[in-house]
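One structure below.
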Amino acid sequence: MNKLDALIAELCPQGVERKRLGDIGVVVRGNGLQKKDFTESGVGCIHYGQIYTYYGTCAYKTKSFVSHELAEKLQKVNKGDLVIAVTSENVEDVGKCVVWLGDEQIVTGAHAAIFRHNQDPKYVAYWFQTNDFFTQKKRIAKGTKVIDLTPQKLEEVTMPVPPLPVQREIVRILDNFAELTAELTAELTAELTARKKQYEYYRDSLLTFGVHRRGTVETKWRTLGEVCNSIADGDHMPPPKSDSGIPFITISNITEQNKVDFSNTMFVPCAYYNALAEKRKPQKGDILYTVVGSYGIPVCIENETEFVFQRHIAILRPKMQIINPRYMYHAMQTTAFKAQADKAAKGAAQKTISLHSLSEMTLPVPSLEVQERLIDVLDHFDAICSDLNIGLPAEIEARKKQYEYYRDMLLTFAAADDIILTDRQTDRQTDRQTDRQSLIKLLQYVFGYVKVPLKETANLFRGEYITKNSIARGNIPVILGGQEPAYYVDKANHTGEIVTVARSGVSAGFVGYWNVPIFVTDGFGYEARENVVISKYLYYVLKCKEKELNSMKRGAGVPHISGAMLGDVLVQLPAVEKQEQIVAILDHFDTLCNDLTKGLPAEIEARQKQYEYYRDKLLTFKELGA
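Residue 399 in my numbering is what sits at position 375 of the sequence shown, and the numbering runs on without skipping anything.
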């Protein structure tokens with residue numbers, strides 16, 4: 025039995041009595057306070073509107089103050105009193121309250137009431153948030169446009185009144201819940217903010233292209249005028265207003281979440297809409313773009329809803345054979361595109377982007393296939409960042425799988441002829457290694473391959489200095505720099521798969537692959553990062569670069585290669601599945617070429633069969649007379 029159950033069993037075993045508010049206290053209506061009466065200092069006051077916009081369950085300090093002279097004329101609020109909003113435009117807000125817990129006396133005014141009572145104040149305040157109270161206030165609230173609760177009606181409201189120890193234990197429990205909820209809300213809000221920033225960075229990373237002249241990804245920068253069938257804006261004439269018809273959208277209806285808010289719009293007659301040029305009638309796939317004042321906000325039209333809009337908004341109709349509208353929408357949100365918008369915006373009081381300037385702004389346009397894959401990634405990440413219902417509660421369950429996928433891109437990539445991932449634009453506040461690996465996977469998915477520095481694909485393992493005489497002999501090969509183990513010792517400094525690169529001497533740059541315990545000394549080892557590269561694939565790639573690696577050695581006496589030099593060597597990475605296919609083929613050829621027990625006998629057998637086949641063919645003749 026918990027503490028609350030124990031208190032109830034002890035103090036009210038027969039149940040809890042319901043009492044009228046008027047039986048446990050008195051409701052007094054406030055008077056005379058208006059917002060214009062607020063001062064910088066003085067006597068604290070609570071305005072009724074602040075109850076449902078600013079305050080929570082309780083307050084220890086006031087947001088506003090009034091003069092001492094005015095305070096003398098207003099209703100006083102003492103510690104423990106509830107201040108109730110008794111006027112509102114809707115039934116949800118009317119009756120909301122805040123309990124005053126500050127030590128000093130404050131005041132309140134008209135449209136508010138004070139409930140003075142002898143109960144635990146926070147218990148009463150919490151009860152005012154229940155469905156029990158909501159049901160009762162709906163019955164007593166009066167009005168249509170303005171909803172009002174009178175003190176007399178409030179005093180008739182009934183509530184359960186357990187003994188004070190029970191009330192205090194309930195308050196303690198609810199306070200804990202409230203604290204946990206506040207912490208969770210703050211954490212989720214911070215998470216959402218971080219996600220939005222991360223998403224913006226990822227989007228910019230994916231949509232930053234070079235002009236790929238010979239790579240597998242052909243990307244050209246095109247003007248909006250080149251990729252759109254038309255670029256227009258809203259009618260420059262004031263539209264006729266009507267009580268119903270076609271919604272009329274102003275720039276204030278374009279939200280920062282890149283949506284059109286239809287909840288508070290004016291209307292124009294259908295005849296006005298029908299008379300508009302077709303390019304000014306939004307259709308599915310069009311892009312709206314704000315060009316005056318709060319310029320630079322794109323919206324992708326995703327349905328056939330009929331509406332019109334003011335001239336402060338541009339409408340772009342993409343050429344579907346060149347550019348996908350969703351891709352265009354994402355590209356127009358990038359930092360690079362916004363920089364173009366900032367440059368194009370002219371004017372002092374209200375900056376404006378002309379339609380001509382808009383048409384000259386450029387976007388990177390890869391193939392439609394690549395666009396589709398980019399949309400797939402960015403749409404998913406956009407949803408999980410923007411929708412609390414999707415992105416945050418679901419995150420608790422899906423974090424290990426989903427979040428890793430949706431954060432798959434942290435760094436930008438720059439390319440001259442191919443896709444090359446570098447760390448020049450690294451977000452220093454994130455786990456770079458994890459997120460770089462994720463980005464590599466994403467770029468592999470979108471573009472088929474990515475070129476990255478060796479240091480981004482594998483962890484560097486540096487050899488340890490030993491001498492032949494300083495360690496006992498054994499069966500562990502010592503990797504010293506030559507093409508074969510220098511000698512053998514009784515302990516290893518590395519186990520598992522590793523790709524080694526000789527550091528110095530004539531054999532500097534020699535690449536080896538090991539999957540047995542070894543002791544690396546005058547050389548470097550590279551441990552492939554999981555889910556990015558296969559060790560054996562890395563070995564084959566570096567093996568092809570041995571001459572390049574050897575040419576990197578520097579020094580007069582004994583030339584050597586530095587770890588920094590090796591780290592910058594570019595490695596082309598297809599998807600892991602493709603790497604596995606390549607490794608299987610190369611392993612097979614390696615076996616045929618180097619394993620005498622398999623390669624040569626198999627070759628001899630194949631040649632024997634070939635010989636027998638041609639022998640039989642050559643020695644088979646058509647008989648005379650046949």
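Every residue, glycine too, gets a C-beta built ideally from N, C-alpha and C.
In the three-state scheme derived from DSSP, where H, G and I count as helix and E and B as strand, M183 is classed as strand. Along the stretch 482 to 567, the beta strand (DSSP E) occurs as fully enclosed runs of 3 or more residues at 482 to 486, 497 to 503, 522 to 526, 535 to 538 and 547 to 552, listed in sequence order. The beta carbon of P509 lies closer than 7 Å to those of P501, V502 and I503 in the same chain, with the five residues before and after it left out. Using a Cβ-Cβ distance cut-off of 8 Å, the stretch 295 to 303 and the stretch 314 to 322 are not in contact, since fewer than three pairs of beta carbons, one from each stretch, lie closer than that value. Within the same chain, Cβ atoms closer than 6 Å to the Cβ of H336 are found at I275 and V316, the five residues on either side in sequence being excluded. Here V284 is not near K265, since their CB atoms are 8 Å or more apart. Every unbroken stretch of the alpha helix (DSSP H) spanning 4 or more residues and falling wholly within the stretch 286 to 349 is given here in chain order: 294 to 299. In the structure shown, the three-state DSSP call for P175 is helix.
For the pair P37 and S88, the Cα-to-Cα distance works out to about 45 Å.
The three-state secondary structure of N253, taken from DSSP, is strand. Q357 and Q153 have their C-alpha atoms spaced approximately 41 Å apart.
Contact annotation: K303 and R341 have beta-carbon atoms nearer than 8 Å.
Ranked by Cα distance from D546, the first of K571, Y561 and H584 is H584. Here the stretch 183 to 192 lies against the stretch 30 to 46, with 3 or more beta-carbon pairs under 8 Å apart.
In the structure shown, the three-state DSSP call for V170 is coil. In the DSSP assignment, G49 falls within the unbroken beta strand (DSSP E) covering G49 to R53. Pairing A608 with E572, the inter-Cα distance amounts to about 25 Å. Per DSSP, H141 is one residue of the beta strand (DSSP E) stretching across A136 to H141. According to DSSP, residue pairing for F201 in a beta bridge does not occur.
Shown here, L382 sits in a helix according to DSSP, grouped into three states.
Straight across, the Cα-Cα distance linking W151 with T111 is about 19 Å. DSSP, reduced to helix, strand and coil, places D267 outside both helices and strands of the structure shown, so it counts as coil.
With contacts defined as CB atoms closer than 8 Å, H92 and V52 fail to qualify as a contacting pair. The beta carbon of E193 sits closer than 8 Å to the beta carbons of K27, L28 and L31 from its chain, once the five residues preceding and following it are set aside; these are given in chain order. The straight-line gap separating the alpha-carbon atoms of C324 and V332 is approximately 15 Å.
Rounded to the nearest whole angstrom, the C-alpha separation of I70 and F201 is 26 Å. For Q74, the uninterrupted alpha helix (DSSP H) run begins and ends at Y72 to I75, by DSSP.
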